[in-house]
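Residue numbers (the UniProt record's numbering): 1 to 211.
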């Protein structure tokens, strides 16, 4: 049985908590969020500020962590500020998700309910594959990426670090979404999206870019 600590008590944290509690091999040990002033126990679960992570490790030496924050840049900042080794983070997959045996998911990443990850796809660290997202074969998903609910990435798609793919976005085979870029909800991506860009529409067009 793996003891799990969720970092973040907002809406995304609620969904992560559901996954932890639905898995038969995990148990919720704690919730850390800076809304809590000090480490304490409520209903058998530790609650405390994010800087209490080290204290929780002393109390529960085998505990693993998940950063439950939907915004990519904040998830990255939390990981860097906490200073915990990557090995302290879990990979969390909802029991209803379908994940190929040949897929690879790095630590800190979460796969939500009804998602599909196909053969030889790779999900980077601290990324989110949200509810009902489809990651087809040979996709390469970077670190701190958020694939929103209903995303469809067809074969051989690359999503670079920090990108946010909007709900219902469809990406045709072989295309690349650049670092820190955003796609609007329902976008149809038929061309590569550059770094730091926002793309919307069907077919998608870039409406903002820092390049």
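Quick reminder that beta carbons are idealized off the backbone N, C-alpha and C, glycines included.
- Beta-bridge partners assigned by DSSP to residue 42: 45.
- In the three-state reduction of the DSSP assignment, residue 77 falls in the helix class.
- Taking residue 168 as the centre and dropping the five residues before and after it, the same chain places the C-beta of 150, 185, 186 closer than 6 angstroms to its C-beta, in chain order.
- Taking 8 angstroms as the cut-off, the beta carbon of residue 36 is found closer than this to the beta carbon of residue 49.
- Inter-segment contact for the stretch 110-126 and the stretch 90-100 is present: three or more beta-carbon pairs are separated by less than 8 angstroms.
- Taking C-beta atoms as the reference points, residue 30 and residue 56 count as a pair closer than 8 angstroms.
- Two segments are said to touch when three or more pairs of C-beta atoms, one from each, lie closer than 8 angstroms; by this definition the stretch 99-107 does not touch the stretch 68-83.
- Judged by DSSP secondary structure, residue 64 falls within the beta strand (DSSP E) whose first and last residues are 64-67.
- In this structure, residue 142 sits away from residue 166, with a CB-CB distance that is not shorter than 8 angstroms.
- Annotated three-state conformation of residue 145 is coil, per DSSP.
- Counted as a single uninterrupted DSSP element, the stretch harbouring residue 28 is not any alpha helix (DSSP H) but the beta strand (DSSP E) occupying residues 26-32.
- When only Cα atoms are considered, residue 34 and residue 24 end up about 29 angstroms apart.
- Between residue 199 and residue 170, the C-beta gap is not smaller than 8 angstroms, which leaves the two residues out of contact.
- Distance between residue 78 and residue 116, taken at the CA atoms: about 27 angstroms.
- Residue 128 and residue 147 do touch by the CB rule: their CB atoms are close to 7 angstroms apart, below 8 angstroms.
- Per DSSP, reduced to three states, the secondary structure at residue 164 is strand.
- Counting other Cβ atoms within 10 Å of its Cβ, residue 179 reaches 16 or more and is therefore classed as buried.
- Out of 108, 75, 76, 104, the CA that lies nearest to the CA of residue 90 is found in 108.
- Under the three-state reduction of DSSP output, residue 202 falls in the coil class, being neither helix nor strand.
- Here residue 92 is bridged, per DSSP, to 110.
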